[in-house]
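Here is the structure we will look at.
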Amino acid sequence: MPVSRRRFLLATVVPMLTIGVTGALAVASGQQTAAEAVPGSDSPAVLPVSATAGSVVQIVAHPDDDLFFMNPDVSRSLLSGTPLTTLYLTSGEADGRNEAHGGAAKDPEQPADRGHYAEARQNGIRSAYAQMATGDRTSPWRRTVIPTAGGGDAELDVLIAKPEVNLVWLQMREARAPVADTPDSLRGLWNGRIPALTPQLTAGTPVAQPPTYTKDQVIAAIAGVLERYKPTTIRMQDPSPGRYLDSGRLTDHQDHMYAARFAQAGAASYAARVPVGQRPRFTVQSYLGYHNSTLPHTLDPQTAETKIGFLKTYAWHDKQNYCGSRSGCGDRKVAGSPSGRNWAQSLRYARGDHSSWLVQGTTGRLYAFGVLDGQMAVWNRGAGTGPGAAWQGPVLLPGTGIDPGATTARLPDGRVAVLATRTVFGDRPEEYRREIVYAAQSVPGGPFGAWVSLGTPEPGDEPGTSSISAPSAVSDADGRLTVYVRDSRRALLARTQEPSGAFGGWQHLGGADLQSDPVAATDSAGRRHVYAATTQSVLVWIQPAPGAPLAGPFPTGLPATTVPLTATPEAAGIRLYFRRPDSGVVRTALVTAAADATKPTVSSVTEAGGRAGYGAVGVAGRVISGRADSGTISTTGLGGPPAWTESRMLYAGAPAGIQEPGGATTIAVLGLDAELHVTTATPTPTRTTWHRAVPQA
4 MPVSRRRFLL ATVVPMLTIG VTGALAVASG QQTAAEAVPG SDSPAVLPVS
54 ATAGSVVQIV AHPDDDLFFM NPDVSRSLLS GTPLTTLYLT SGEADGRNEA
104 HGGAAKDPEQ PADRGHYAEA RQNGIRSAYA QMATGDRTSP WRRTVIPTAG
154 GGDAELDVLI AKPEVNLVWL QMREARAPVA DTPDSLRGLW NGRIPALTPQ
204 LTAGTPVAQP PTYTKDQVIA AIAGVLERYK PTTIRMQDPS PGRYLDSGRL
254 TDHQDHMYAA RFAQAGAASY AARVPVGQRP RFTVQSYLGY HNSTLPHTLD
304 PQTAETKIGF LKTYAWHDKQ NYCGSRSGCG DRKVAGSPSG RNWAQSLRYA
354 RGDHSSWLVQ GTTGRLYAFG VLDGQMAVWN RGAGTGPGAA WQGPVLLPGT
404 GIDPGATTAR LPDGRVAVLA TRTVFGDRPE EYRREIVYAA QSVPGGPFGA
454 WVSLGTPEPG DEPGTSSISA PSAVSDADGR LTVYVRDSRR ALLARTQEPS
504 GAFGGWQHLG GADLQSDPVA ATDSAGRRHV YAATTQSVLV WIQPAPGAPL
554 AGPFPTGLPA TTVPLTATPE AAGIRLYFRR PDSGVVRTAL VTAAADATKP
604 TVSSVTEAGG RAGYGAVGVA GRVISGRADS GTISTTGLGG PPAWTESRML
654 YAGAPAGIQE PGGATTIAVL GLDAELHVTT ATPTPTRTTW HRAVPQA
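Here it is in structure tokens:
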């Protein structure tokens, strides 16, 4: 059984995988020994409900991108025993000076040497992963050479104590500047400014022949790594981070952005070339990068301190000679500021961090949506919550390139529409863009029609780097949709369906500094509310009367949030849910529209039960679901109980919940195994039991 389909108990020690090895060997004390681990076969463990399963491949530009921007998700996965591989596209050689404080004070005894600095970063990453996975930063690794599908060789490092933990290094040259125009870079390669990107080998690598990659070869190499490890979850950086309005500079490192685009292309190639059956289905999770520095912290102090501790290990903060390498045992540039520029105190998802992907159709039927293999997947469940109400699916809608995340709208006749963004690569680099698409049922309870493109308010990639938000949509009484989106200038736009069925042009609704995906809901009087978080607070637009144009934006006076919002109708208003910065505790406030279309009334902020956590929350009645500080899907209640009811399951994206007729609640998540998991509880649950919506055959 392939490793990606193997099931692991939480914290189970996986038997050592053995396989014959060919390739160059690199031997040194501590970490640097040689061998190769490849997914093998063994007897699967029995997986209890609510335990993490699946496997993860992470694709990043540099050593430390995973530690700064994907942790604590990385450490949570490692602790759960989930097979995890990280693919580093570049060596991260920078200026070759392994000095703290950014190299401000040049050490004459430490001359610039890119090979040795890149090796030191490798040593630091291996130490950090060993510490996260085993608790011992000196736990040894096997280093060897594997061929890539793009030609050339890559270094493979396997953690001996936990051989399901692998690091793969392509060792391409990095841009050596965050934003400057550097043709010899991933950016230059993607845009066709250079025919191939040269390598930057580390001083201690077992790779003997320096590989040089064309654009197509990089994509093939990434697809080959995915085929080797067959992940059920792929993690990557943000392919469209946007620009700062005042300077026009990218909000992220150019290598982060273009590594993510190569990862997108590699995943698409893998999905197209390897049929299901020879691989599992997979989800994608993308992560915000440098822009975290301008936003409130998402992590509670204890979680942030633990994350910074792993960064200190990577940075060789204590300078103890525990790896035995003359290149150094970590990245001393990070030692001067282990938290980066306010990066280590946060984790944010660039896509799929909203909770409106579970919706009720006709006669109690439920629909759940998620993106698998770059296609929109649909699960459905018949009316009722008893034994006869079985889930079916997933059915994948035709059409590829769908980005992580889905939002829904219910039409007055009971039909359901699903919306998403879609990445279009085009035939030329400048044709890369992100557009909004939707698909609706032809009849209530029937199949979904073809995707309809609404385009984008930003037709060119370079002006805004396609950094539009995920869409939110609401249906009028006559069934016409209005779609809301945040553009890269951080304002709200809308596009409304005409009586003919066609959509009018994009309308600017104002607002500034919008950071979140917009969320829309309709109150009991039929007035539509649209909310978006800013850096400091939350703005709202509200209809003065049903069918009237939105008024606003109005300030709510709410405190800063960690960005993701969830909105649900309650009484005469809309209840808003969000997390408190530097804590992650879930907060809530009720917003009620004013009769004269002036500033709405906002209740005092209260805090729900539960410990800290991060990411968007799902709401079903008074039951709240989300990540506890353990990273697992957990539930709590508005007004109590005092702690999360935690599962043992990690997941991708955000949870979604719905309160059904009779008061029962259904909550759903996509696990790291790319399966839909659900729990259904009575109005007064005593415990939460998660299970796969569709049992495995």
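Offset between the sequence shown (1-based) and my numbering: plus 3.
Note that beta-carbon positions come from the ideal geometry of N, C-alpha and C, so glycine has one too.
Check                                                                                                         : Outcome
DSSP bridge partner residues for E573 (one or two, in chain order)                                            : G576
Three-state secondary structure (DSSP) of V345                                                                : The amino acid occupying residue 345 in the given sequence is Asn; Val does not appear at that position. It is coil, neither helix nor strand.
Test item: CB-CB of F506 and L561 under 8 Å                                                                   : no
Reduced DSSP category for G325 - H, G, I as helix; E, B as strand; rest coil                                  : Per the sequence shown, the amino acid found at residue 325 is Tyr instead of Gly. It is coil, neither helix nor strand.
G448 versus R614, P460, S527 and V419, residue with shortest Cα-Cα distance                                   : V419
Short Cβ contact (8 Å threshold) for M652 with T635                                                           : yes
DSSP beta-bridge partners of L422                                                                             : T410 and Y441
Simplified DSSP assignment, three categories, for M175                                                        : strand
Beta-carbon proximity of T151 to L369, cut-off 8 Å                                                            : no
Sub-8 Å separation of A657 and D184 beta-carbons                                                              : no
The segment 664-681 / the segment 222-231 touching (three or more Cβ pairs under 8 Å)                         : no
Rounded straight-line distance, which links the Cα of V446 to that of L414                                    : 11 Å
Pairwise C-alpha distance: T538 and H65                                                                       : 28 Å
Euclidean distance between Cα positions of D520 and T208                                                      : 43 Å
Euclidean distance between Cα positions of F313 and A115                                                      : 26 Å
Proximal residues to R276 (C-beta, below 7 Å), its chain only, five neighbours per side dropped               : A226
Reduced DSSP secondary structure (H/G/I, E/B, other) of E2                                                    : The requested residue 2 does not occur in the structure, where the chain is confined to residues 4 to 700.
Residues near G138 by beta carbon distance below 8 Å, same chain, minus five either side                      : none
Given M175 as reference, the closest of V161, V182, E167 and L192 once Cα atoms are compared                  : L192
Limits of the unbroken beta strand (DSSP E) element including G127                                            : Premise fails: G127 lies in the alpha helix (DSSP H), R117 to T137, not in any beta strand (DSSP E).
Proximity winner among R531, L92, Q134 and A535, relative to D258 (alpha-carbon distances)                    : L92
T564 and V533 closer than 8 Å at C-beta                                                                       : no
P299 versus L496 - alpha carbon distance                                                                      : 24 Å
Cβ contact (3+ pairs, closer than 8 Å) linking the segment 289-296 and the segment 70-85                      : yes
G576 beta carbon less than 8 Å from that of A596                                                              : yes
Supposed contact pair R79 and E96 - C-beta distance, whole angstroms, cut 8 Å                                 : Incorrect: roughly 30 Å between the Cβ atoms, too far for contact.
Every unbroken beta strand (DSSP E) within the segment 469-530, with a cutoff of 3 residues, ordered by chain : 475-478, 484-489, 495-499, 510-513 and 522-525
Span of the beta strand (DSSP E) around E158                                                                  : D156 to L162
Where the beta strand (DSSP E) containing R146 begins and where it ends                                       : W144 to P150
Spatial distance of R179 from V63 (CA atoms)                                                                  : 15 Å
Stretch-stretch touch, CB-based, cutoff 8 Å, three pairs: the segment 617-633 with the segment 346-365        : yes
Residue environment, K322, which counts as buried when at least 16 other CB atoms sit within 10 Å             : exposed
8 Å contact criterion, which L517 and R489 should meet: CB distance rounded                                   : 5 Å
Residues sharing a beta bridge with F557, DSSP                                                                : V543
E678 (DSSP reduced to helix, strand or coil)                                                                  : coil
Paired residues, beta bridge with N169 - DSSP                                                                 : T88 and V161
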